[in-house]
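Chemist:
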Amino acid sequence: MDSIRIDFAPQTGTADEWNEAYARLSDYFRAHRLHSRVHRTYLILETLKRASETHARHPNVSPTEVAIHEARRMQRAWLRNIIGDLNIPEGRLDASGRMAFLLSGGPSTYPEYFLAADSPPQEMVDAMRQPIIQSGPDLAFSSMVPRPIDLGPISDIAEDAGGFFDRHPWLRYALLASLSALVLWGVYSVTR
Amino acid sequence: MTSQSPPNPSTRFSQASIRRRRATFFTAVLITLIAGLWLMGHSLGRHGLNGLEIAMLVVFTPLFYQLSTGFWTAIIGLAVSRKSDPLNLLNTLSDDDRRADLSASTAIIMPVYNEDVSRIFEGLRVIYQSLQQEGQLAHFDFFVLSDSDNPNKWVEEELAWLELCRQLDGFGRIFYRKRRKPINRKSGNVSDFCRRWGKRYRYMVVLDADSIMSGSLLANMVRIMEKHPAAGIIQTAPRVFGAETLFGRVMQFAHAAYGEPFMAGLNYLSMGNATFWGHNAIIRLKPFIEDCALPELPGREPFGGHILSHDFVESALMQKAGHQVWLLPVDEGSYEEGPPTLLDTLKRDRRWCQGNMQHFWLLFARGWNSLARLNFFHGILSYVASPLWFTFLVLATILAAMPGQSSLAIGQGFSPGLVLLFLTIGLLFVPKLLLLFRQLTRKDVARHFHSRRALLSSVLLDTIFFSILAPILMVFHSKFVIFTLLGKGVRWAEQRRKADGAVDWQESIVTFTGITIMAALWGLIAFWCSPTFAAWISPVLIGIALAIPFSIFTAGLPSGRRRGWFSTLEELHPPPVIGELQHHLSKAHQRSDPSPALARNYGLMQAILDPFVNALHVSLLRQRQRLTPESRDYLDRLRKRLIREGPQSLNKRELSALMYDPDVMIRLHYDLWSAPTGDLAPWWDSAIRQYNILTREPVTALYR
Numbered sequence: 002m003d004s005i006r007i008d009f010a011p012q013t014g015t016a017d018e019w020n021e022a023y024a025r026l027s028d029y030f031r032a033h034r035l036h037s038r039v040h041r042t043y044l045i046l047e048t049l050k051r052a053s054e055t056h057a058r059h060p061n062v063s064p065t066e067v068a069i070h071e072a073r074r075m076q077r078a079w080l081r082n083i084i085g086d087l088n089i090p091e092g093r094l095d096a097s098g099r100m101a102f103l104l105s106g107g108p109s110t111y112p113e114y115f116l117a118a119d120s121p122p123q124e125m126v127d128a129m130r131q132p133i134i135q136s137g138p139d140l141a142f143s144s145m146v147p148r149p150i151d152l153g154p155i156s157d158i159a160e161d162a163g164g165f166f167d168r169h170p171w172l173r174y175a176l177l178a179s180l181s182a183l184v185l186w187g188v189y190s191v192t193r
Numbered sequence: 020m021t022s023q024s025p026p027n028p029s030t031r032f033s034q035a036s037i038r039r040r041r042a043t044f045f046t047a048v049l050i051t052l053i054a055g056l057w058l059m060g061h062s063l064g065r066h067g068l069n070g071l072e073i074a075m076l077v078v079f080t081p082l083f084y085q086l087s088t089g090f091w092t093a094i095i096g097l098a099v100s101r102k103s104d105p106l107n108l109l110n111t112l113s114d115d116d117r118r119a120d121l122s123a124s125t126a127i128i129m130p131v132y133n134e135d136v137s138r139i140f141e142g143l144r145v146i147y148q149s150l151q152q153e154g155q156l157a158h159f160d161f162f163v164l165s166d167s168d169n170p171n172k173w174v175e176e177e178l179a180w181l182e183l184c185r186q187l188d189g190f191g192r193i194f195y196r197k198r199r200k201p202i203n204r205k206s207g208n209v210s211d212f213c214r215r216w217g218k219r220y221r222y223m224v225v226l227d228a229d230s231i232m233s234g235s236l237l238a239n240m241v242r243i244m245e246k247h248p249a250a251g252i253i254q255t256a257p258r259v260f261g262a263e264t265l266f267g268r269v270m271q272f273a274h275a276a277y278g279e280p281f282m283a284g285l286n287y288l289s290m291g292n293a294t295f296w297g298h299n300a301i302i303r304l305k306p307f308i309e310d311c312a313l314p315e316l317p318g319r320e321p322f323g324g325h326i327l328s329h330d331f332v333e334s335a336l337m338q339k340a341g342h343q344v345w346l347l348p349v350d351e352g353s354y355e356e357g358p359p360t361l362l363d364t365l366k367r368d369r370r371w372c373q374g375n376m377q378h379f380w381l382l383f384a385r386g387w388n389s390l391a392r393l394n395f396f397h398g399i400l401s402y403v404a405s406p407l408w409f410t411f412l413v414l415a416t417i418l419a420a421m422p423g424q425s426s427l428a429i430g431q432g433f434s435p436g437l438v439l440l441f442l443t444i445g446l447l448f449v450p451k452l453l454l455l456f457r458q459l460t461r462k463d464v465a466r467h468f469h470s471r472r473a474l475l476s477s478v479l480l481d482t483i484f485f486s487i488l489a490p491i492l493m494v495f496h497s498k499f500v501i502f503t504l505l506g507k508g509v510r511w512a513e514q515r516r517k518a519d520g521a522v523d524w525q526e527s528i529v530t531f532t533g534i535t536i537m538a539a540l541w542g543l544i545a546f547w548c549s550p551t552f553a554a555w556i557s558p559v560l561i562g563i564a565l566a567i568p569f570s571i572f573t574a575g576l577p578s579g580r581r582r583g584w585f586s587t588l589e590e591l592h593p594p595p596v597i598g599e600l601q602h603h604l605s606k607a608h609q610r611s612d613p614s615p616a617l618a619r620n621y622g623l624m625q626a627i628l629d630p631f632v633n634a635l636h637v638s639l640l641r642q643r644q645r646l647t648p649e650s651r652d653y654l655d656r657l658r659k660r661l662i663r664e665g666p667q668s669l670n671k672r673e674l675s676a677l678m679y680d681p682d683v684m685i686r687l688h689y690d691l692w693s694a695p696t697g698d699l700a701p702w703w704d705s706a707i708r709q710y711n712i713l714t715r716e717p718v719t720a721l722y723r
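One line per chain: the protein sequences are A and B, in this order. Numbered according to our numbering, the first sequence spans residues 2 to 193. Numbered according to our numbering, the second sequence spans residues 20 to 723.
#1: Assign PHE383(B) to one of three DSSP states: helix, strand, or coil.
#2: Taking 8 Å as the limit between beta carbons, can you name the residues of its chain near GLY575(B), skipping five residues before and five after?
#3: Could you have a look at ASN394(B) and say whether DSSP puts it in helix, strand or coil?
#4: So LEU236(B) is in the beta strand (DSSP E); what residue range does that whole segment cover?
#5: Less than 8 Å between CB atoms is the rule here; does TYR114(A) satisfy it with respect to chain B?
#6: Is any beta-carbon of chain B found at less than 8 Å from that of VAL39(A)?
#7: Taking Cβ to Cβ, would you say TRP739(B) is nearer than 8 Å to PHE140(B)?
#8: So if I threshold CB-CB distances at 7 Å, which residues from the stretch 6-24 of chain A count as touching chain B?
#9: Just to make sure I have the definition right: I need the residues of chain A whose C-beta is within less than 7 Å of the C-beta of TRP702(B). Which are they?
#10: By how many angstroms is the C-alpha of ALA312(B) removed from the C-alpha of SER426(B)?
#11: Counting along the chain, where does the alpha helix (DSSP H) carrying GLU18(A) start and finish?
#12: In terms of DSSP beta bridges, what is VAL163(B) paired with?
#13: At 3 residues or longer, what runs of the beta strand (DSSP E) sit wholly inside the stretch 70-155 of chain B?
#14: May I ask you to report which of helix, strand or coil DSSP gives GLN667(B)?
#15: Kindly identify the DSSP beta-bridge partner or partners of GLU355(B).
#16: Among HIS33(A), SER63(A) and ALA68(A), which one has its Cα closest to the Cα of LEU46(A)?
#17: Kindly list, in the order they appear in chain A, the residues whose Cβ is closer than 8 Å to that of ASN633(B).
#18: What's the call for LEU657(B), buried or exposed, on a 16-neighbour Cβ count within 10 Å?
#19: How about ASP166(B) and SER675(B): are their beta carbons less than 8 Å apart?
#20: Count Cβ pairs between the stretch 199-208 of chain B and the stretch 181-191 of chain B that sit closer than 8 Å; are there 3 or more?
#21: Can you tell which of PRO170(B), VAL136(B), ALA126(B) and VAL145(B) has its C-alpha closest to the C-alpha of HIS158(B)?
#22: Is it buried or exposed for ALA57(A), if we count other Cβ within 10 angstroms and need 16 for buried?
#23: In chain order, what residues of the stretch 310-323 of chain B put their CB closer than 9 Å to some CB of chain A?
#24: Any C-beta of chain B sitting closer than 8 Å to the C-beta of HIS33(A)?
#25: Just grab the DSSP bridge partners of GLY341(B) for me.
#26: Of all the residues that make up the stretch 203-237 of chain B, which are near chain A by a beta-carbon distance shorter than 8 Å?
#27: What does HIS59(A) reach in chain B if we use C-beta pairs closer than 7 Å?
#28: Please confirm whether ALA428(B) has its beta-carbon closer than 8 Å to some beta-carbon of chain A.
#29: If we ignore side chains and look at the alpha-carbon of each, how far apart do ALA228(B) and PRO359(B) end up?
#30: Report the rounded CA-to-CA distance for VAL241(B) versus ALA123(B), giving the unit in angstroms.
#31: Measuring only the C-alpha atoms, how far is ARG645(B) from ASP680(B)?
#32: Please confirm whether TYR29(A) has its beta-carbon closer than 8 Å to some beta-carbon of chain B.
#33: Given that TYR710(B) touches chain A, what residues does it touch there, using C-beta distances under 8 Å?
#34: Using Cβ-Cβ distances below 7 Å, what residues of the stretch 127-145 of chain A are close to chain E?
#35: Would you call the CB atoms of VAL344(B) and GLN254(B) closer than 8 Å?
#36: Going along chain A, which residues have a C-beta under 7 Å from PHE737(B)?
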């Protein structure tokens with residue numbers, strides 16, 4: 002029987018920790034809509050290999066964290082090749098790149114090129130380099146300033162009264178009670 | 020006033036014909052009112068009026084005015100809607116006009132606040148496609164203007180916008196704007212649009228989240244605006260559709276069966292001085308921007324401050340600036356949905372009541388034309404009528420309790436009370452009977468109402484329905500008016516536009532128990548005063564006493580649909596836009612939902628967990644100004660807490676603070692994915708495991 006060589010032997014971290022890192026990477030790549038298990042497995046193993054080397058230098062960090070960090074680093078390097086010259090702020094490179102990959106139809110049309118060393122097809126590159134998204138047209142500012150409405154003398158009185166009631170809110174209820182008492186008295190006077 | 024006076028309107032709309040119409044209308048209303056008052060006065064005090072009777076007469080006057088206004092609106096509407104009304108703007112378009120290509124640019128805007136996201140964007144989809152089929156899409160842009168403060172809705176809206184743009188290739192034509200601070204609510208949202216982009220468009224069509232309009236009508240509205248440069252706003256009369264509950268279907272049926280002549284009657288009266296209802300309307304942007312910005316009212320809420328019912332005021336301001344506001348009675352192409360239950364109707368009315376009460380101050384403002392002032396008055400009266408009716412009934416009860424008195428007594432020989440009773444019944448029911456006759460005699464009755472038998476049954480049943488509903492609304496509207504007078508403002512509640520199938524028994528019982536007890540006690544007092552009086556007032560008291568079962572029963576889904584009861588044209592033969600909408604929504608509702616534990620914070624979860632949703636959310640955020648170290652520390656603390664303790668450990672304000680910061684959102688995405696399971700809140704662990712099952716297909720929030 003032919004023997005096989007497993008090219009993954011991390012010097013640091015426990016098997017459980019690396020299994021957890023594997024599962025997390027699997028979920029992470031699947032969240033990128035990479036539905037091919039074979040392609041995903043290649044990506045996971047490649048990422049884990051690089052992560053194991055990094056982990057040897059930083060054994061206190063969990064393998065899961067190192068693995069995702071490595072995946073991010075690979076993604077940034079891949080994106081920089083495609084959209085690195087578009088004056089995208091460094092902090093937004095990942096987000097803009099992910100958006101560009103989605104809008105280019107990447108997950109459904111070119112999944113095998115995601116993080117691949119091979120040059121992606123020109124159509125994919127062109128699509129990713131399109132202006133990312135436009136949520137609003139160019140601004141054309143107008144001044145829309147409210148004009149005061151002349152509410153007339155009654156409103157002036159009401160404003161004064163309103164201010165008075167705002168300062169003494171209990172008076173609002175006292176007035177209501179007085180009116181009710183007046184109505185009751187009126188009813189009593191008429192009906193007695 | 021900066022706007023120049025618009026050109027003279029066409030001779031077709033001469034001032035003389037407008038004056039003649041209004042004179043006819045108000046003469047009829049006045050004669051009816053005088054007759055009613057005379058009869059009331061005579062029935063109350065054959066030997067002179069005492070103080071109580073005078074009070075009753077005073078209260079009766081506006082109530083009878085309202086009744087006769089409604090009666091004559093319907094009667095005149097019936098008369099004019101039988102033939103092609105030359106003053107209906109749609110009839111001013113020639114065949115050539117209707118075929119002409121558009122030359123003006125129009126923005127279709129939809130301000131939204133925590134609404135059903137699928138409904139918003141599927142609605143936009145059918146409008147977009149309808150315009151595309153009409154060949155006029157190039158002249159329209161679409162804007163969803165969000166003030167949603169629910170993080171889930173926010174993310175869902177972003178995703179749905181992206182997905183719709185991708186599916187329709189609508190980038191650069193369908194836009195999404197989320198305001199950070201929802202200043203001045205809906206009117207502030209519209210003004211914000213006008214300030215940013217208003218100059219780019221000649222017209223703006225305002226839609227509600229539940230509005231649908233056909234491409235053909237939209238194009239024709241633009242053509243009418245082009246043909247009538249004096250028109251500042253054209254308000255369509257939308258038809259109601261999409262109801263599922265008994266309550267919603269009865270209201271929808273009533274609108275279909277009786278609404279059209281009322282709209283025609285309103286148009287007959289108002290002509291170029293109509294009012295604006297805030298949606299399903301087209302607005303000329305230049306004068307709107309220049310003259311219709313809303314000032315704050317003096318004082319504080321509920322009477323002062325921000326104007327709640329902005330549409331009436333915008334209409335009055337447009338007219339004050341010399342432009343016309345028209346009502347466009349249409350029988351197809353403009354649609355909206357109504358509240359599904361009595362409780363939802365009351366919640367909406369609470370808001371509308373305060374908005375209309377605010378207009379009290381505007382009644383006396385200088386510069387309005389008389390119709391604009393009358394529109395304010397009618398709006399106020401529509402709510403104040405309830406406490407007046409309530410007071411009238413209380414006074415009648417007191418009168419009945421007085422020895423030797425018998426309120427509205429019906430005596431021997433000529434009895435003014437009896438005549439008044441018949442007159443009132445006539446004002447209430449004659450328009451309904453005439454409308455019923457008209458619908459029954461139409462050749463296509465089966466197409467519109469299922470069958471003659473179903474139509475008759477529906478009218479009979481809706482009479483019972485409205486007899487119970489009217490007294491309940493009276494009590495609640497009275498309460499709302501008093502609350503407003505006492506300074507109790509309303510908060511901006513999100514609207515429920517669809518029933519979720521579950522009847523809320525508890526809320527109905529809690530809401531209506533008080534008025535049920537009141538009705539029972541009132542009935543006992545009335546019976547003690549006079550059994551005849553108890554019989555007179557019983558229809559009102561029975562309605563109030565039945566509030567709990569009425570609310571519960573009408574919130575249910577059984578509504579006689581199989582028998583054809585309450586059928587409408589839109590239900591039986593949906594027009595293309597509604598048919599398409601229903602088709603897409605039924606697909607949307609077939610998709611699997613996340614578990615309830617995840618559903619509560621699903622939007623947040625997507626924005627952090629999903630690489631693409633995270634990227635989309637970040638792309639749509641504005642880059643923040645440099646944060647102070649204190650703010651940065653605060654956000655760091657929240658970020659760590661969110662990962663370790665889950666979203667339930669943060670309130671809405673804290674979640675929003677995180678979600679508004681693009682750097683924090685990018686950081687959270689990696690923090691979450693790179694955190695070992697032991698460092699994650701169980702909620703996140705479960706989210707990671709379930710998320711990929713839920714997003715088996717490319718994500719389409721439209722279909723969730």
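Beta carbons are placed, not taken as given, at the ideal position from N, Cα and C, and that holds for glycine. Small disclaimer: the values here were computed from a predicted structure and weren't measured.
Modeler: In this structure, then:
#1: coil
#2: THR264, LEU265 and VAL522
#3: helix
#4: Not the beta strand (DSSP E): LEU236(B) falls in the alpha helix (DSSP H), residues 234-246.
#5: no
#6: no
#7: Summary: the structure shown does not reach residue 739(B), with chain B confined to residues 20 through 723, and so no result is reported for it.
#8: GLU21
#9: Within 7 Å Cβ-Cβ: nothing; TRP702(B) doesn't reach chain A, min ~15 Å.
#10: Because SER426(B) carries a pLDDT of 49, less than 50, the predicted location of this residue cannot be relied on, and no value is offered for it.
#11: 16-32
#12: MET129(B) and TYR195(B)
#13: 125-131
#14: helix
#15: VAL259(B)
#16: ALA68(A)
#17: ALA96 and ARG99
#18: buried
#19: no
#20: no
#21: ALA126(B)
#22: exposed
#23: ASP310, CYS311, ALA312, LEU313, PRO314, GLU315, LEU316, PRO317, GLY318, ARG319, PHE322 and GLY323
#24: yes
#25: According to DSSP, which records beta bridges pairwise, GLY341(B) is partnered with nothing at all.
#26: SER210, CYS213, ARG214, ARG215, TRP216, GLY217, LYS218 and ARG219
#27: Those within 7 Å of HIS59(A) in chain B number zero; the least Cβ separation is about 13 Å.
#28: Bear in mind that a pLDDT of 49 at ALA428(B), under 50, signals an unreliable position, so the number given afterwards is only what the model happens to contain. Chain A contact via Cβ: absent.
#29: 15 Å
#30: 8 Å
#31: 11 Å
#32: yes
#33: ASP28 and ALA32
#34: This model lacks chain E altogether; the protein chains it does include are A and B.
#35: yes
#36: One cannot answer for residue 737(B) here, as it falls past the ends of chain B, which runs 20 to 723.
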